[in-house]
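A.B. asks: Heads up: the protein sequence lines correspond to chains A and B, in order.
Take the first sequence: its position 183, counted from the start at 1, is 186 in the working numbering, and no numbers get skipped.
Take the second sequence: its position 197, counted from the start at 1, is 200 in the working numbering, and no numbers get skipped.
Cβ coordinates follow ideal geometry from the N, Cα and C atoms, glycine included.
Here you go, one structure.
Number of protein chains: 2
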Amino acid sequence: MSNKIKVAILGYGNLGKGVELSILKNPDMSLEAVFSRRDPKSVKTINTPVYSVENILDYKDKIDVLILCGGSKDDLPVQTPEFAQYFNTVDSYDNHAQIPEYFASVDAVAQKSKKIAMISVGWDPGMFSINRLFGEALLPDGETYTFWGKGLSQGHSDAIRRVEGVKAGVQYTLPSTKAIEEVRSGVRPSLSTKDKHTRECFIVLKDGADASKIENEIKTMPNYFEPYDTSVNFISQEEFDKNHNTMPHGGFVIRSGNSSNGINQVIEYSLKLDSNPEFTASVIVAYTRAVYKMALKGEFGAKSVLDVAPALLSMKSNETLRKELL
Amino acid sequence: MSNKIKVAILGYGNLGKGVELSILKNPDMSLEAVFSRRDPKSVKTINTPVYSVENILDYKDKIDVLILCGGSKDDLPVQTPEFAQYFNTVDSYDNHAQIPEYFASVDAVAQKSKKIAMISVGWDPGMFSINRLFGEALLPDGETYTFWGKGLSQGHSDAIRRVEGVKAGVQYTLPSTKAIEEVRSGVRPSLSTKDKHTRECFIVLKDGADASKIENEIKTMPNYFEPYDTSVNFISQEEFDKNHNTMPHGGFVIRSGNSSNGINQVIEYSLKLDSNPEFTASVIVAYTRAVYKMALKGEFGAKSVLDVAPALLSMKSNETLRKELL
Numbered sequence: 004m005s006n007k008i009k010v011a012i013l014g015y016g017n018l019g020k021g022v023e024l025s026i027l028k029n030p031d032m033s034l035e036a037v038f039s040r041r042d043p044k045s046v047k048t049i050n051t052p053v054y055s056v057e058n059i060l061d062y063k064d065k066i067d068v069l070i071l072c073g074g075s076k077d078d079l080p081v082q083t084p085e086f087a088q089y090f091n092t093v094d095s096y097d098n099h100a101q102i103p104e105y106f107a108s109v110d111a112v113a114q115k116s117k118k119i120a121m122i123s124v125g126w127d128p129g130m131f132s133i134n135r136l137f138g139e140a141l142l143p144d145g146e147t148y149t150f151w152g153k154g155l156s157q158g159h160s161d162a163i164r165r166v167e168g169v170k171a172g173v174q175y176t177l178p179s180t181k182a183i184e185e186v187r188s189g190v191r192p193s194l195s196t197k198d199k200h201t202r203e204c205f206i207v208l209k210d211g212a213d214a215s216k217i218e219n220e221i222k223t224m225p226n227y228f229e230p231y232d233t234s235v236n237f238i239s240q241e242e243f244d245k246n247h248n249t250m251p252h253g254g255f256v257i258r259s260g261n262s263s264n265g266i267n268q269v270i271e272y273s274l275k276l277d278s279n280p281e282f283t284a285s286v287i288v289a290y291t292r293a294v295y296k297m298a299l300k301g302e303f304g305a306k307s308v309l310d311v312a313p314a315l316l317s318m319k320s321n322e323t324l325r326k327e328l329l
Numbered sequence: 004m005s006n007k008i009k010v011a012i013l014g015y016g017n018l019g020k021g022v023e024l025s026i027l028k029n030p031d032m033s034l035e036a037v038f039s040r041r042d043p044k045s046v047k048t049i050n051t052p053v054y055s056v057e058n059i060l061d062y063k064d065k066i067d068v069l070i071l072c073g074g075s076k077d078d079l080p081v082q083t084p085e086f087a088q089y090f091n092t093v094d095s096y097d098n099h100a101q102i103p104e105y106f107a108s109v110d111a112v113a114q115k116s117k118k119i120a121m122i123s124v125g126w127d128p129g130m131f132s133i134n135r136l137f138g139e140a141l142l143p144d145g146e147t148y149t150f151w152g153k154g155l156s157q158g159h160s161d162a163i164r165r166v167e168g169v170k171a172g173v174q175y176t177l178p179s180t181k182a183i184e185e186v187r188s189g190v191r192p193s194l195s196t197k198d199k200h201t202r203e204c205f206i207v208l209k210d211g212a213d214a215s216k217i218e219n220e221i222k223t224m225p226n227y228f229e230p231y232d233t234s235v236n237f238i239s240q241e242e243f244d245k246n247h248n249t250m251p252h253g254g255f256v257i258r259s260g261n262s263s264n265g266i267n268q269v270i271e272y273s274l275k276l277d278s279n280p281e282f283t284a285s286v287i288v289a290y291t292r293a294v295y296k297m298a299l300k301g302e303f304g305a306k307s308v309l310d311v312a313p314a315l316l317s318m319k320s321n322e323t324l325r326k327e328l329l
């Protein structure tokens with residue numbers, strides 16, 4: 004047996020595949036298994052064995068951390084409380100408005116099982132959350148602005164695809180250029196979510212589906228689309244396959260604040276991502292290492308990225324980190 | 004007595020004044036005292052009482068955290084080990100090459116006294132260090148680039164002013180525009196420190212001082228100037244007062260990496276600061292809160308920003324942070 008961190012994945016879509024790719028870049032980890040609800044023979048990984056989720060409990064003492072790669076809308080609210088009974092877990096739950104409730108339901112289980120359940124890991128929620136916190140803690144007299152895009156949102160695309168009658172669909176988030184420039188200038192404008200972004204959906208319908216019903220269902224979906232200026236475009240499968248097959252994303256968090264009268268300080272964190280799911284996966288894998296280290300120290304319960312000291316993310320010793328990075 | 008975090012400052016220069024200003028923006032903290040080696044009557048604070056450092060131990064049970072605002076070259080290596088015997092401390096020690104040695108000397112004291120000594124807090128070392136760590140942990144297959152400026156460096160200006168014969172002096176760090184563009188393009192160029200920056204000094208001489216001797220002493224100063232392309236300019240006191248009286252700074256940390264073949268991901272963290280000492284002070288004050296919370300939990304020893312979970316920096320409860328920021 005190696006002394007690498009033993010990891011397993013539940014759910015092998017874009018995110019699960021991203022996690023498999025990311026673990027290949029992290030030599031202190033070993034991906035032991037992919038678990039799927041599908042027929043294991045139908046799941047093609049890079050080089051990881053696939054098992055049915057029905058057998059997952061056979062692995063409960065063979066896995067240090069289980070990475071839950073299901074969707075936030077239907078999968079994670081059920082899976083995380085279930086599997087946090089048996090495994091240290093990491094997930095990327097991204098329905099911001101429901102996070103307190105989700106945290107509570109996961110924490111109740113993880114407190115009993117004495118496992119760590121790290122929720123909502125990725126870049127937003129995730130790295131952007133950390134930067135929002137840094138921004139307001141460092142410059143209490145200030146304003147924080149989060150912009151997304153242009154990019155494809157996994158969570159929102161997932162939500163679209165679950166609407167009855169949708170054969171294929173993607174959602175792009177676009178930042179408002181005018182709003183960005185205003186914020187960067189050091190002014191502190193008052194901007195609603197609608198002022199900052201628009202949402203653009205491209206959908207392929209199933210045969211006989213009702214376009215206007217689907218458009219209405221998407222535009223009124225609470226939290227996901229209802230608060231935004233959303234456009235819904237119906238296109239052919241051919242056009243979809245040609246123009247909507249990559250998953251770029253990005254965005255930034257800006258804190259503009261005053262340390263004293265007239266002294267303006269601007270902090271900006273930004274991401275330019277060729278692949279959103281692969282970057283989310285990369286963040287998840289780094290936090291998987293943190294979960295492993297926190298569990299070794301005897302910690303347990305639900306956690307978020309806000310609870311993790313940066314050094315826990317690294318393969319390097321604290322001494323090396325201080326020497327090389329501080 | 005209030006139940007605010009009780010803070011004191013040792014050393015009231017630009018940084019000490021910045022800390023006093025920052026604490027005014029943080030309603031959960033109370034600045035109880037400024038301690039100085041100068042005659043307390045000669046030190047003009049905004050509204051904080053000033054005492055002689057000789058009386059500092061009278062306050063050892065009245066202060067939760069002592070912020071050490073002295074210089075890295077001569078003050079902190081003596082002061083921090085001395086005062087970590089009696090106080091939880093925060094400092095901004097910024098001589099990167101000497102950090103491991105400095106950490107060890109402070110840790111030896113803080114382990115015995117069971118106090119927390121948080122070293123090297125600010126933006127570099129500090130927020131930039133955290134972002135270098137995040138960069139390599141999230142994208143292990145990549146390169147990190149740190150650029151500074153254009154801006155005035157406190158530590159380097161301090162070092163200049165300690166050179167015999169120097170009446171007044173400032174040092175500006177300038178990033179190379181060509182190098183920045185190369186990095187942002189997603190290429191991973193190999194750049195030495197000299198390729199990325201130059202250092203520019205403006206100095207007013209004391210009467211009878213030997214300019215060429217001073218120029219040589221600066222250019223050959225280890226760690227501070229020797230590895231850089233440094234220019235030294237001698238100017239009049241009049242020109243100095245007119246053109247070199249503000250302390251702007253900035254810079255950025257870029258991580259360019261691949262999550263898989265051909266998939267490039269770029270993370271960028273940047274600062275645009277009207278006042279470098281005030282921003283450093285703002286970071287110090289946030290980490291002062293973290294020191295207080297860590298001490299309450301019974302932790303002790305030398306620490307760095309890499310050891311601090313983001314939530315510890317905030318005035319808000321973990322519940323509120325998850326709800327508002329995650």
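#1: By how many angstroms is the C-alpha of H200 of chain A removed from the C-alpha of E327 of chain B?
#2: Grouping DSSP H, G and I as helix and E and B as strand, with all else coil, what is R202 of chain A?
#3: By the criterion of Cβ-Cβ separation under 7 Å, what are the contact partners of P143 of chain A in chain B?
#4: Name the one or two DSSP bridge partners that V207 of chain B has.
#5: When DSSP labels each residue in this structure, what does Q88 of chain B get in the three-state scheme?
#6: Just to confirm the assignment, what range does the alpha helix (DSSP H) spanning Y290 of chain A have?
#7: I'd like to check one pair, A289 of chain B with L324 of chain B: are the Cβ atoms closer than 9 Å?
#8: For Q268 of chain A, count the other beta carbons within 10 Å of its own beta carbon; 16 or more makes it buried, fewer makes it exposed. Which is it?
#9: Residues of chain B with CB under 7 Å from Y54 of chain A, in chain order?
#10: DSSP three-state call for M4 of chain B: helix, strand or coil?
#11: Are the beta-carbon atoms belonging to K222 of chain A and V207 of chain A less than 9 Å from one another?
#12: Work out the CA separation of G253 of chain A and Q157 of chain B for me, nearest whole Å.
#13: Would you verify that the beta carbon of E271 of chain A is, or is not, closer than 9 Å to some beta carbon of chain B?
#14: The beta strand (DSSP E) that contains T51 of chain A, what's its start and end?
#15: In terms of alpha-carbon separation, which member of B:G211, B:V93, B:E203, B:T149 lies closest to I183 of chain B?
#16: Would you kindly work out how many angstroms separate the C-alpha atoms of Q240 of chain B and A171 of chain B, rounded to a whole number?
#17: Counting beta carbon pairs with one atom in the segment 269-283 of chain A and one in the segment 299-313 of chain A, are three or more of them shorter than 8 Å?
#18: Could you check how far apart the C-beta atoms of A214 of chain A and V22 of chain A are, in whole angstroms? I think they sit under 8 Å.
#19: The segment 287-319 of chain A: which residues have C-beta closer than 7 Å to a C-beta of chain B, in chain order?
#20: From F243 of chain A to Y175 of chain A, what distance separates their C-alpha atoms?
#21: To the nearest angstrom, how far is the alpha carbon of E104 of chain B from that of K65 of chain B?
#22: Determine the extent of the beta strand (DSSP E) in which H252 of chain B is found, giving its start and end residues.
#23: If you draw a straight line from the alpha carbon of Q101 of chain A to that of P230 of chain A, how long is it in whole angstroms?
#24: Is there a Cβ of chain B sitting closer than 9 Å to that of M4 of chain A, yes or no?
#25: As a quick exercise: from A:P30, A:E271, A:M250, pick the residue whose alpha carbon is nearest that of G260 of chain A.
#26: Tell me the start and end of each unbroken beta strand (DSSP E) in the segment 11-87 of chain B that is at least 3 residues and wholly inside, in chain order.
#27: Assign L315 of chain B to one of three DSSP states: helix, strand, or coil.
#28: Can you have a look at K181 of chain A and say buried or exposed, based on whether 16 or more other CB atoms are within 10 angstroms of its CB?
#29: Counting along the chain, where does the beta strand (DSSP E) carrying K117 of chain A start and finish?
#30: Going by beta carbon distance, what residues of the same chain come within less than 8 Å of I296 of chain A, once the five residues before and after it are set aside?
#31: Does DSSP put F303 of chain A in a helix, a strand or coil?
#32: Measure the C-alpha to C-alpha separation of L60 of chain A and M130 of chain A and round it to an integer number of angstroms.
#33: L18 of chain A CB to nearest chain B CB: under 9 Å?
#34: Quick check on L194 of chain B - is its C-beta less than 9 Å from some C-beta in chain A?
#35: Can you tell me where the beta strand (DSSP E) with K275 of chain B in it begins and where it stops?
C.D. replies: Taking the geometry as given:
#1: As a working note, residue 327 of chain B is residue 324 in the second sequence. As a working note, residue 200 of chain A is residue 197 in the first sequence. Straight-line Cα distance between these residues: approximately 19 Å.
#2: Within the first sequence, the letter at position 199 stands for residue 202 of chain A. R202 of chain A falls in the strand class under three-state DSSP.
#3: Along the first sequence, read from residue 1 onward, the residue named residue 143 of chain A stands at position 140. Here the neighbours are K28, N29.
#4: In the second sequence, the residue the question calls residue 207 of chain B occupies position 204. Checking the DSSP bridge columns, you'll see V207 of chain B partnered with B:A171.
#5: On the second sequence, residue 88 of chain B is found 85 positions in, with the first residue counted as 1. Three-state DSSP puts Q88 of chain B in coil, outside helix and strand.
#6: Residue 290 of chain A sits at position 287 when you count from the first residue of the first sequence. First-last of the alpha helix (DSSP H) with Y290 of chain A: 279-299.
#7: The count along the second sequence starts at 1 and reaches residue 324 of chain B at position 321. The count along the second sequence starts at 1 and reaches residue 289 of chain B at position 286. Not a contact, by the Cβ cut-off of 9 Å.
#8: Numbered from its first residue, the first sequence carries residue 268 of chain A at position 265. Burial call: buried.
#9: In the first sequence, the residue the question calls residue 54 of chain A occupies position 51. Result: empty, since nearest Cβ-Cβ is about 24 Å, beyond 7 Å.
#10: Looking up residue 4 of chain B in the second sequence gives position 1. Since pLDDT at M4 of chain B reaches only 49, below the 50 mark, its modelled position is unreliable, and the value read off the structure follows with that caveat. Coil.
#11: The count along the first sequence starts at 1 and reaches residue 222 of chain A at position 219. The count along the first sequence starts at 1 and reaches residue 207 of chain A at position 204. Going by C-beta atoms, K222 of chain A is not nearer than 9 Å to V207 of chain A.
#12: What you label residue 157 of chain B is simply residue 154 of the second sequence in a count that begins at 1. What you label residue 253 of chain A is simply residue 250 of the first sequence in a count that begins at 1. Their Cα atoms are separated by approximately 34 Å.
#13: The count along the first sequence starts at 1 and reaches residue 271 of chain A at position 268. Closer than 9 Å to some Cβ of chain B, the Cβ of E271 of chain A qualifies, so yes.
#14: What you label residue 51 of chain A is simply residue 48 of the first sequence in a count that begins at 1. Looking at the DSSP string, T51 of chain A is not in any beta strand (DSSP E), and its letter there is neither H nor E.
#15: On the second sequence, residue 183 of chain B is found 180 positions in, with the first residue counted as 1. In terms of CA proximity to I183 of chain B, B:T149 leads the group B:G211, B:V93, B:E203, B:T149.
#16: As a working note, residue 240 of chain B is residue 237 in the second sequence. As a working note, residue 171 of chain B is residue 168 in the second sequence. Each residue's Cα considered, the two are about 8 Å apart.
#17: no
#18: Taking the first residue of the first sequence as 1, we reach residue 214 of chain A at position 211. Taking the first residue of the first sequence as 1, we reach residue 22 of chain A at position 19. Between V22 of chain A and A214 of chain A the Cβ distance is about 36 Å, and since that is not below 8 Å, they are no contact.
#19: A289, S307, L309, D310, V311, A312, P313, A314, L316, S317
#20: The count along the first sequence starts at 1 and reaches residue 243 of chain A at position 240. The count along the first sequence starts at 1 and reaches residue 175 of chain A at position 172. Cα-Cα distance, rounded: 13 Å.
#21: Walking along the second sequence from the start, residue 104 of chain B turns up at place 101. Walking along the second sequence from the start, residue 65 of chain B turns up at place 62. Distance between the alpha carbons of E104 of chain B and K65 of chain B: 30 Å.
#22: Within the second sequence, the letter at position 249 stands for residue 252 of chain B. From DSSP, the beta strand (DSSP E) with H252 of chain B extends over 252-263.
#23: Locating residue 101 of chain A in the first sequence gives position 98, where the first residue counts as 1. Locating residue 230 of chain A in the first sequence gives position 227, where the first residue counts as 1. Whole-angstrom Cα-Cα distance: 15 Å.
#24: On the first sequence, residue 4 of chain A is found 1 positions in, with the first residue counted as 1. Only weak support is given to the placement of M4 of chain A: the predicted model assigns it a pLDDT of 49, under 50, and the value that follows is read from those uncertain coordinates. Chain B, which has no Cβ nearer than 9 Å to the Cβ of M4 of chain A, makes this no.
#25: Position 257 of the first sequence, counting from 1, holds the residue named residue 260 of chain A. Distance from the Cα of G260 of chain A is smallest, within the candidate group A:P30, A:E271, A:M250, for A:E271.
#26: 32-39, 53-55, 68-71
#27: For the purposes of this step, residue 315 of chain B is taken as the residue at position 312 of the second sequence. Here L315 of chain B sits in helix by DSSP.
#28: To locate residue 181 of chain A, count along the first sequence from 1; it is residue 178. K181 of chain A is exposed by the Cβ-count criterion.
#29: Walking along the first sequence from the start, residue 117 of chain A turns up at place 114. Unbroken run through K117 of chain A: none, as it is neither H nor E.
#30: In the first sequence, counting from the first residue as 1, residue 296 of chain A sits at position 293. It is Lys, not Ile, that sits at residue 296 of chain A in the sequence shown. Once the five neighbours on either side are set aside, the close Cβ partners of K296 of chain A are L315.
#31: Here the question's residue 303 of chain A lines up with position 300 in the first sequence. F303 of chain A: coil per DSSP, three-state reduction.
#32: Here residue 60 of chain A refers to the residue found at position 57 when the first sequence is read from its first residue. Here residue 130 of chain A refers to the residue found at position 127 when the first sequence is read from its first residue. Cα to Cα, L60 of chain A sits roughly 32 Å from M130 of chain A.
#33: Position 15 of the first sequence, counting from 1, holds the residue named residue 18 of chain A. No, its Cβ sits nowhere closer than 9 Å to a Cβ of chain B.
#34: Here residue 194 of chain B corresponds to residue number 191 of the second sequence, with the count starting at 1. It does not: the Cβ of L194 of chain B has no partner Cβ on chain A nearer than 9 Å.
#35: If you number the second sequence from 1, residue 275 of chain B lands on position 272. Unbroken beta strand (DSSP E) run through K275 of chain B: 266-276.
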